[in-house]
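Engineer: Just passing along the structure, written as structure tokens.
Number of protein chains: 2
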Amino acid sequence: MINKLIGKIQKTGAPIVVGLDPMLSYVPEHVQREAFNEYGETLRGAAEAIWKFNKEIVDRTYDLIPAVKPQIAMYEQFGVEGLEAYKKTVDYCKSKGLVVIGDIKRGDIGSTSAAYAVGHLGKVQIGSRTYSGFDEDFATVNPYLGSDGVKPFIEVCKEENKGLFILVKTSNPSSGEFQDRLVDERPLYELVGEKVAEWGAEHCGDTYSYIGAVVGATYPEQGKVLRKIMPKSLILVPGYGAQGGKGKDLVHFFNEDGLGAIVNSSRGIIAAYKQEAYARFGAENFGEASRAAVEDMIADIRGALETR
Amino acid sequence: MINKLIGKIQKTGAPIVVGLDPMLSYVPEHVQREAFNEYGETLRGAAEAIWKFNKEIVDRTYDLIPAVKPQIAMYEQFGVEGLEAYKKTVDYCKSKGLVVIGDIKRGDIGSTSAAYAVGHLGKVQIGSRTYSGFDEDFATVNPYLGSDGVKPFIEVCKEENKGLFILVKTSNPSSGEFQDRLVDERPLYELVGEKVAEWGAEHCGDTYSYIGAVVGATYPEQGKVLRKIMPKSLILVPGYGAQGGKGKDLVHFFNEDGLGAIVNSSRGIIAAYKQEAYARFGAENFGEASRAAVEDMIADIRGALETR
């Protein structure tokens, strides 16, 4: 799956990922109205609205991009019905040839991480049969519990030819509170980065490892250091756009080969029609606004990489 | 909700919580067979089997215990159908008067944590209405992202009168890999414990805080230190029984008032009928075996507290 992702990044020339994180407030009124007319102002109605919203954005952008990253929390807020919309979104994106990164940030003790790994990346045994619960291609993982909370995910990835992005340095303002604390004179995130490199070295695709890392666009200096610590790990970079990261901040997340990072934008793409820059499309054509925002993001990052 | 939990611990005299973490391999054959006869060897069939298994255990133990802790991963492994069984379990336990601790270990950047908090502890707005997605009473939270990943949970707890248990020192063998690293000559888990105490001080019930902590039974010495660092926080203690913790290891997790900790056992209770000590019940009477195991666990912990 890492080879497929790298291949798609090369083919599209777009080291980006669209974050399918649909708040109901991003969904244009006409889409909400249609869903509520069918299912009422219910959890099912909300789930239908975000699914239809996602589908339109995917239909308008899938040919430009290698991957999507649905954030499961945005679906989980609508309970079981929301998670049905998550599953439909995962399946639909895969049917369009997109690589799906499940932004689930799970992580627990070994036996529990194994259950998450099976549910999201693997197959669960039921009597004489096996089934895939959610079946994303990649998943994000929280490393706070240490190696034995991460290894069950790696085992499933090996079996299923899938991959992980492990939280190393997150994009949020208070990420430094624990992640930046100095251990033997070095920030904790560097130690986590070293573990990612170690796990990753044993599980490599053709050029990059199955085991990647999450490093926020909002911390470019840290990205520069982590790029060197984890040379074979693809870095998933959230925080571009709405969270404040810009193309020029991102160059150090990439290797000399122009690969090595994949930059996520969520709100900046999926709610583009609400921004002044794309207001010309109107809420009716929100999918076209997202397409224009994707094109601009690709141009911004390509430009930054070419002039470095 | 913290007052309700403390009240129920006092009333039952049982500072314990039953972990409803149903692996399909724990579910007796006759329960599996019945579910598969109705729904086939499918995700729905598995979900039905674990729900029926849970219901029997709850029916046989609810009068002895204050709370249950369903581990959502064990349901999530069966996809959307599994999460339906999770929701049914949460609702059923609440209908029996039990406090429900959702062991979800979520945690993300602020806006995403807010969505998790709404989905699990709060209410989501849909048009002119509000709905509760999962509606547990407490949730476990991963602190790796720092304060702004935790605060949205605290905000929802204030509104809804609910509570949290934040991972401080987890029960698994490699929990020390990052949690024990020395920061200014003190282990990271102590710094996390101090933050829990700080968050907790601002959000107190009558005797204990809404903001508790998770500290593994397998690390009694660390529990002793953390008990002092977080005097007002209830400590949720996993790792008793199958993971190796014993009653005598647990005394330091408690305060002098005999309160302050709530000890979880999962496999040791729900799969008791598989142990030699409870084999006399047979698989047919697995619920009675669980009841006996609960009684023994209560006696073990009471004994340890009385002789300290």
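So the protein lines, in turn, are chains A and B. Take the first sequence: its letters are residues 37 to 344, numbered as in my numbering. Take the second sequence: its letters are residues 37 to 344, numbered as in my numbering. Note that the Cβ used here is the ideal one computed from N, Cα and C, for glycine as well. Fair warning: this is a prediction, and the values are worked out from it, not measured in the lab.
Closer than 8 Å, CB to CB, is Lys130 of chain B near chain A or not?
Structural biologist: no
Engineer: Which class does Gly199 of chain B belong to by DSSP, given the choice of helix, strand or coil?
Structural biologist: strand
Engineer: Note down, in chain order, each residue of its chain lying with its Cβ closer than 8 Å to the Cβ of Ala121 of chain A, except the 5 sequence neighbours on either side.
Structural biologist: The answer, listed in chain order, is Ala83, Glu84, Ile86, Trp87, Asn90, Tyr111 and Phe114.
Engineer: Relative to the C-alpha of Ile334 of chain B, which candidate in B:Ile45, B:Asn39, B:Ile38 and B:Lys40 has its C-alpha closest?
Structural biologist: B:Ile45
Engineer: Put Val228 of chain B into one of helix, strand or coil per three-state DSSP.
Structural biologist: DSSP places Val228 of chain B in helix when its eight states are reduced to three.
Engineer: Below 8 Å on C-beta distance, what does Met110 of chain A contact in chain B?
Structural biologist: Thr148 and Ala151
Engineer: Going by the CB atoms, is the gap between Thr48 of chain A and Ile108 of chain A shorter than 8 Å?
Structural biologist: no
Engineer: Please report the residue range of the alpha helix (DSSP H) in which Phe322 of chain A lies.
Structural biologist: Phe322 to Glu342
Engineer: For the beta strand (DSSP E) holding Tyr62 of chain B, just list the boundary residues, first then last.
Structural biologist: In the DSSP assignment, Tyr62 of chain B falls outside any beta strand (DSSP E) and carries neither an H nor an E.
Engineer: What does Asp285 of chain B touch in chain A if you count any residue whose Cβ is under 8 Å from its own?
Structural biologist: Correct list: empty, because the minimum Cβ distance to chain A is about 17 Å.
Engineer: How about Ala319 of chain A and Pro51 of chain A: are their beta carbons less than 8 Å apart?
Structural biologist: Result no, Cβ atoms of Ala319 of chain A and Pro51 of chain A do not sit closer than 8 Å.
Engineer: For Lys353 of chain B, collect the residues of the same chain with a Cβ closer than 7 Å to its Cβ; drop the 5 residues on either side in sequence, then sort them by chain order.
Structural biologist: Examination of residue 353 of chain B is not possible in this model, given that chain B is present from 37 through 344 alone.
Engineer: Grouping DSSP H, G and I as helix and E and B as strand, with all else coil, what is Gly163 of chain A?
Structural biologist: Coil.
Engineer: Give me the Cα-Cα distance between Thr176 of chain A and Met37 of chain B, rounded to the nearest whole angstrom.
Structural biologist: 32 Å
Engineer: At a Cβ cut of 8 Å, what residues of the stretch 80-113 of chain A count as close to chain B, listed as they run along the chain?
Structural biologist: Gly81, Ala82, Gln107, Ala109, Met110, Glu112 and Gln113
Engineer: Taking the Cβ atom as the reference point for each residue, do Lys141 of chain B and Gly143 of chain A lie within a distance shorter than 8 Å?
Structural biologist: yes
Engineer: Return yes when the C-beta of Tyr111 of chain A is under 7 Å from any heavy atom of the ligand HEM, and no when it is not.
Structural biologist: As presented, the structure is devoid of all ligands, the ligand HEM included, so that no description of it is given.
Engineer: Report the residue from B:Gly55, B:His288, B:Val136 and B:Lys105 whose alpha carbon sits nearest the alpha carbon of Lys40 of chain B.
Structural biologist: Closest option to Lys40 of chain B, Cα to Cα, is B:Val136.
Engineer: Hey, would you say Ile305 of chain B sits closer than 8 Å to Val54 of chain B, going by beta carbons?
Structural biologist: yes
Engineer: Using CA coordinates, which residue listed in A:Phe289, A:Asn208 and A:Asp127 is at the minimum distance from Thr148 of chain B?
Structural biologist: A:Asn208
Engineer: Strictly under 8 Å for the Cβ-Cβ distance: is Lys301 of chain A near chain B by that measure?
Structural biologist: For the sequence presented, residue 301 of chain A should be read as Ser rather than Lys. No - not a single Cβ of chain B is within 8 Å of the one on Ser301 of chain A.
Engineer: At the level of alpha carbons, what is the spacing between Asn178 of chain B and Ser164 of chain A?
Structural biologist: Our two residues, Asn178 of chain B and Ser164 of chain A, have alpha carbons roughly 36 Å apart in a direct line.
Engineer: For Tyr62 of chain B, return the contacting residues in chain A, with the cut-off set at a CB-CB distance below 8 Å.
Structural biologist: None at all; the shortest Cβ gap to chain A is about 12 Å.
Engineer: Can you look up Gln311 of chain A in the DSSP assignment and give me helix, strand or coil?
Structural biologist: coil
Engineer: Output yes if chain A places a C-beta closer than 8 Å to the C-beta of Arg217 of chain B; else output no.
Structural biologist: yes
Engineer: Indicate whether at least one CB of chain C lies closer than 8 Å to the CB of Leu200 of chain B.
Structural biologist: Annotation note: the requested chain C is absent from the structure, which comprises protein chains A and B.
Engineer: Okay, do the stretch 210-226 of chain B and the stretch 148-163 of chain B touch, 3+ Cβ pairs below 8 Å being the bar?
Structural biologist: no
Engineer: Quick check: Gln258 of chain B and Tyr309 of chain B, are their CB atoms within less than 8 Å of each other?
Structural biologist: no
Engineer: Ignore the nearest five residues each way along the sequence and tell me which others in Asp242 of chain A's own chain have a CB closer than 7 Å to its CB.
Structural biologist: Asn39
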